[in-house]
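A quick write-up on the structure given underneath.
Residue numbers (my numbering), protein chains in the order written: chain A, 224 to 862; chain B, 324 to 413.
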């Protein structure tokens with residue numbers, strides 16, 4: 224199995240590492256070392272890089288914030304040896320701009336740490352808790368001739384046990400649990416007949432994994448599904464029996480980089496750092512040939528020829544990603560009319576023009592065009608994945624735009640889809656019906672813009688939209704989408720405080736906390752859950768005020784007066800609770816300049832106060848008896 | 324491969340694994356002589372050596388890898404048998 228195949232190979236990794244280490248300035252040293260995280264590397268190089276970066280971060284005071292790395296903490300509780308995979312998880316996390324601290328509890332002590340507590344783990348305060356158990360840990364206890372019922376009873380028992388561990392972990396450490404699925408390392412007993420024997424150990428592991436998946440869904444636990452991921456390793460597993468017998472390593476050291484990436488991408492996804500948009504080159508990337516030279520009839524796409532079918536399969540994969548909620552865009556050096564004609568007229572295309580949210584075909588350089596795509600879609604460059612068959616273009620884009628992910632592509636288009644999936648750039652930590660309708664909402668937005676173009680006055684335009692804002696307390700069913708917004712929104716986000724689903728659920732369980740989520744409907748359809756406000760008591764502001772800890776909104780509904788209507792709801796609710804004032808906080812980041820004037824625009828008055836916990840913040844005061852600014856939105860309240 | 328060549332190649336592996344350019348090896352070098360050569364590093368060392376020389380140590384041999392000379396001897400035996408085994412195919 225070739226690991227990290229989507230990352231470019233460095234011509235001289237060891238030399239670059241040596242060079243970076245000699246850099247005297249710690250900030251510059253760190254940035255050179257961080258760049259190396261984006262290259263393909265084996266486990267020894269990974270450990271060396273980890274050692275250098277660890278030392279560098281330690282010398283930099285508050286290094287993570289200084290370099291725009293997001294800090295996070297992951298504890299690994301395991302029934303086998305995992306110390307050797309921790310460096311690889313950290314480096315893969317750094318590749319996603321996360322400064323991940325890891326904590327490994329002694330092997331086999333997971334149960335004790337969860338049920339009785341462990342002081343070192345408590346003071347580490349994990350945000351993520353990876354429970355990595357192996358098949359040796361769970362034994363079915365059923366005889367080989369057991370019945371289906373006997374098997375089911377044994378599986379249920381283990382699932383109950385896991386649920387107890389998960390709940391204990393969440394309660395005690397307030398962490399997002401990640402459960403690793405079980406991999407069967409024992410040789411087969413019956414061959415293909417194995418699946419027909421309910422009492423066989425292999426059937427037990429398979430059933431157990433199925434049950435783990437559905438229990439995890441019900442409990443809000445995430446999966447590190449190595450049982451599935453490992454299967455894609457083309458005949459070679461991620462373990463080695465020799466290493467198991469020698470050192471109780473379930474993951475062989477040479478596969479640590481791959482395993483580390485699998486684990487780190489789950490953390491990244493939970494923190495909202497997965498990528499959101501796939502930008503495609505056209506010629507020889509989604510069809511064979513060059514449409515400008517070969518013509519509409521000459522390109523290879525569709526049934527009847529192997530190469531055309533390979534490109535078609537890739538298009539189907541891309542279209543499915545679009546349906547999953549990944550925004551699709553095109554960035555191609557082409558005549559725009561010629562390129563668009565393939566989408567509108569070629570009968571074999573699986574991708575349609577309407578699947579593409581932003582279509583850029585011209586003769587300018589791709590870095591410029593990628594910047595344009597990001598800005599038109601209201602996305603950061605770090606949300607983009609750019610797929611291009613041309614190594615030179617990939618190289619230039621990587622050099623010009625380090626934040627865009629540019630995976631290496633295999634020589635054969637038949638493997639493009641698999642490679643794109645291997646990257647894990649679109650790893651999910653939630654999936655809601657809002658994701659399914661995202662593509663439609665991009666289209667509906669285009670239609671709304673069209674109306675705006677025809678309407679001369681803003682007021683008239685907003686009235687024609689017939690908007691209804693539905694406000695409600697945050698229920699468990701809303702949590703996945705709420706958590707997604709909390710962790711993904713960058714621009715319309717006043718404080719950019721990230722919370723895992725578990726942390727947020729814990730926060731809003733306090734009855735003094737005022738947490739509201741908002742949905743917006745208009746004549747074009749339902750925009751889904753688009754805004755979240757959380758106001759809470761805070762010692763600095765006293766008993767008569769609520770501090771707005773979090774206020775964020777999806778940029779899809781910008782400029783629609785949703786803010787005013789939302790303030791209306793929150794102020795009334797606060798007044799109803801006997802609170803006199805709302806305190807707004809604006810915490811500037813590199814991405815949220817959009818809302819710098821948010822509070823003054825809504826009639827908040829500046830407060831000369833400093834919060835040492837958040838030194839860059841400005842604070843704003845709003846008397847709840849005041850009327851919020853005018854809006855044209857009907858407000859509906861669900862209890 | 325001569326004993327000396329193997330020792331040279333092994334030095335590269337050791338320097339990488341222990342991240343220490345100053346390491347020089349003799350057949351008598353043991354874990355006591357190298358900073359950081361603990362049980363976890365030992366496994367790393369074994370796997371890094373296997374990958375470097377494109378060989379695989381047997382489970383039965385792992386316990387006998389006590390000093391650099393042990394590594395070199397086993398590598399030499401394995402590399403030689405591999406070449407013999409492979410030669411008819413060439």
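Built from N, CA and C at the ideal position, the CB exists for glycine as well.
For a test of the three-state rule: what should DSSP assign to residue 311 of chain A, helix, strand or coil? Looking at residue 311 of chain A - three-state DSSP - the assignment turns out to be helix.
Are the segment 426 to 439 of chain A and the segment 327 to 344 of chain A touching by the rule of at least three beta carbon pairs closer than 8 Å? In this structure the segment 426 to 439 of chain A does not lie against the segment 327 to 344 of chain A, because fewer than three pairs of beta carbons, one per stretch, are closer than 8 Å.
Cutoff 8 Å; reference residue 336 of chain A; Cβ partners in own chain excluding five residues on either side: Cβ contact annotation for residue 336 of chain A (same chain, cutoff 8 Å, sequence separation greater than five): 300, 328 and 344, in chain order.
Interfacial residues, the segment 250 to 279 of chain A to chain B, with Cβ spacing under 9 Å: Along the segment 250 to 279 of chain A, going in chain order, the ones with a CB nearer than 9 Å to a CB of chain B are 265, 266, 267, 268, 270, 271, 274 and 275.
By the 10 Å Cβ neighbour count, where 16 or more other Cβ atoms means buried, how is residue 461 of chain A classified, buried or exposed? Per the 10 Å Cβ criterion, buried.
Within a Cβ cutoff of 6 Å, which residues of the same chain sit near residue 608 of chain A, ignoring the five residues on either side of it in sequence? Closer than 6 Å at the Cβ level, and outside the excluded window around residue 608 of chain A, lie 498, 501, 628 and 648.
Same chain, Cβ closer than 8 Å to residue 820 of chain A, five either side skipped, listed in chain order: Its chain contains no residue whose beta carbon lies nearer than 8 Å to that of residue 820 of chain A once the 5 sequence neighbours on both sides are disregarded.
Three-state class that DSSP yields for residue 287 of chain A in the structure shown: For residue 287 of chain A, the pLDDT reaches just 49, beneath the cut-off of 50, and the residue's location in the model is therefore unreliable, leaving the point undetermined.
Give me the Cα-Cα distance between residue 796 of chain A and residue 695 of chain A, rounded to the nearest whole angstrom. Rounded to the nearest angstrom, the two C-alpha atoms are 11 Å apart.
Enclosing alpha helix (DSSP H) for residue 823 of chain A [first to last residue]: First-last of the alpha helix (DSSP H) with residue 823 of chain A: 821 to 824.
Under 6 Å Cβ to Cβ from residue 288 of chain A, same chain only, skipping five residues before and after it: list those, please. Note on residue 288 of chain A: pLDDT 49, under 50, position unreliable in the model; no value is reported.
Quick check: the Cα distance between residue 231 of chain A and residue 836 of chain A, rounded to an integer number of angstroms? Their backbone Cα atoms lie some 41 Å apart in a straight line.
Neighbourhood of residue 286 of chain A by C-beta, 6 Å cutoff - its chain only, sequence neighbours within 5 removed: With a pLDDT of only 49 at residue 286 of chain A, under 50, the local geometry of the prediction cannot be trusted, and the value read off the model is given with reservation. Same-chain partners within the cutoff: 280.
Counting only C-beta atoms, is residue 363 of chain B closer than 9 Å to chain A at any point? Yes, because at least one Cβ of chain A sits closer than 9 Å to the Cβ of residue 363 of chain B.
Give the DSSP bridge partners of residue 807 of chain A, in chain order. Partner(s): A/771 and A/843.
Check each residue of the segment 466 to 485 of chain A: if its Cβ is closer than 8 Å to any Cβ of chain B, include it; give the result in chain order. Correct list: 466, 468, 469, 470, 472, 475, 476 and 477.
If we define contact as Cβ-Cβ less than 9 Å, is residue 380 of chain B a contact residue for chain A? The Cβ of residue 380 of chain B sits closer than 9 Å to at least one Cβ of chain A.
Measure the CB-CB distance between residue 600 of chain A and residue 550 of chain A and report whether it falls below 9 Å. Yes, these two residues count as a Cβ contact at 9 Å.
Three-way DSSP call (helix, strand, coil) for residue 694 of chain A in this model: Of the three classes helix, strand and coil, the one that applies to residue 694 of chain A here is strand, per DSSP.
Beta-carbon proximity check, residue 818 of chain A vs residue 714 of chain A, cutoff 9 Å: Yes, they are a contact pair.
Quick one: what does DSSP say residue 749 of chain A is sitting in, helix, strand or coil? Of the three classes helix, strand and coil, the one that applies to residue 749 of chain A here is strand, per DSSP.
Take residue 466 of chain A and list the residues in its own chain whose beta-carbon comes closer than 6 Å to its own, dropping the five residues that flank it on each side. Setting aside the 5 residues that flank it on each side, residue 466 of chain A is surrounded in the same chain by 472 and 475, each with a C-beta closer than 6 Å to its C-beta; the list follows chain order.
From the DSSP output, in three-state form, read off residue 432 of chain A for me. In this structure, residue 432 of chain A counts as helix in the three-state DSSP scheme.
Reducing DSSP to helix, strand and coil, say where residue 296 of chain A ends up. When DSSP states are grouped into helix, strand and coil, residue 296 of chain A belongs to the strand group.
For residue 834 of chain A, name the three-state secondary structure that DSSP assigns. Of the three classes helix, strand and coil, the one that applies to residue 834 of chain A here is coil, per DSSP.
For a test of your reading of the model: does the CB of residue 433 of chain A fall under 8 Å from any non-hydrogen atom of the ligand NAD? Yes or no. Here there are no bound small molecules, and the ligand NAD is not part of this structure.
Need the endpoints of the alpha helix (DSSP H) that residue 786 of chain A sits in, please. Where residue 786 of chain A is concerned, the enclosing alpha helix (DSSP H) stretches over 785 to 799.
At least one CB of chain B closer than 9 Å to the CB of residue 355 of chain A: is that the case? By this cut-off, residue 355 of chain A is not an interface position.
Report the residue from A/248, A/727 and A/314 whose alpha carbon sits nearest the alpha carbon of residue 276 of chain A. With distances taken between Cα atoms, residue 276 of chain A lies closest to A/314.
One question on the structure: do residue 255 of chain A and residue 243 of chain A come within less than 9 Å of each other, judged by their Cβ atoms? In this structure, residue 255 of chain A lies near residue 243 of chain A, with their beta-carbon atoms less than 9 Å apart.
Would you mind giving the Cβ-Cβ distance between residue 525 of chain A and residue 571 of chain A, rounded to the nearest angstrom? I have them listed as a contact below 8 Å. Indeed, because the Cβ distance is near 3 Å, the residues count as touching under 8 Å.
Taking all protein chains shown into account, do 16 or more other C-beta atoms lie within 10 angstroms of the C-beta of residue 654 of chain A, making it buried, or fewer, making it exposed? Residue 654 of chain A is classed as exposed because its beta carbon has fewer than 16 other beta carbons within 10 Å across all chains shown.
Helix, strand or coil for residue 424 of chain A per DSSP? It is helical.
Minimum Cβ-Cβ distance from residue 391 of chain B to chain A less than 9 Å: No, residue 391 of chain B does not count as interfacial toward chain A.
The segment 795 to 809 of chain A touching the segment 755 to 769 of chain A, judged by at least three CB pairs closer than 8 Å: By the Cβ test, the segment 795 to 809 of chain A is in contact with the segment 755 to 769 of chain A, since at least three Cβ pairs between them sit closer than 8 Å.
Cβ-Cβ distance between residue 397 of chain A and residue 726 of chain A below 9 Å: It is a contact, given that the beta carbons lie within the stated cut-off.
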